[in-house]
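In our numbering, the protein residues as written are 807 to 887.
Beta carbons are placed, not taken as given, at the ideal position from N, Cα and C, and that holds for glycine.
This structure is a prediction, so every number in the text was calculated from the model and none was measured.
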Amino acid sequence: GSALLIGQIENYKPDQLKTYVVNPLSWVFGYVENPKKLMFGSDWPLVDIKDYVKAFKQAIPEEHWEKVFRTNAEEVFNLKK
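Below, the structure is given as structure tokens:
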């Protein structure tokens, strides 16, 4: 699926960010069970991407960041050089 988050999250208070963004993303990551099944995307330039990256990093274990933020997209869209 897509569009797990829509809109601007930079104005969320820390408790709102955790409740409405980080916890649901953590649940989705646990549900898919395989980091190869999740890919980061954004509404950039309509939103500030750094806030979304920060939220994803809170929700996903660091050892899976490379796949979620880069290599999964490279494989799906055949972007590897």
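The way I'd put it, the segment 877-885 doesn't touch the segment 861-868; fewer than three beta-carbon pairs between them come closer than 8 angstroms. For F862 and K873, the gap between their C-alpha atoms comes out near 12 angstroms. N884 and F846 have their alpha carbons spaced roughly 16 angstroms apart. In the DSSP annotation of this structure, the continuous segment of the alpha helix (DSSP H) that includes W833 starts and ends at N829 to V838. Rounded to whole angstroms, the gap between the alpha carbons of I815 and S832 is 17 angstroms.
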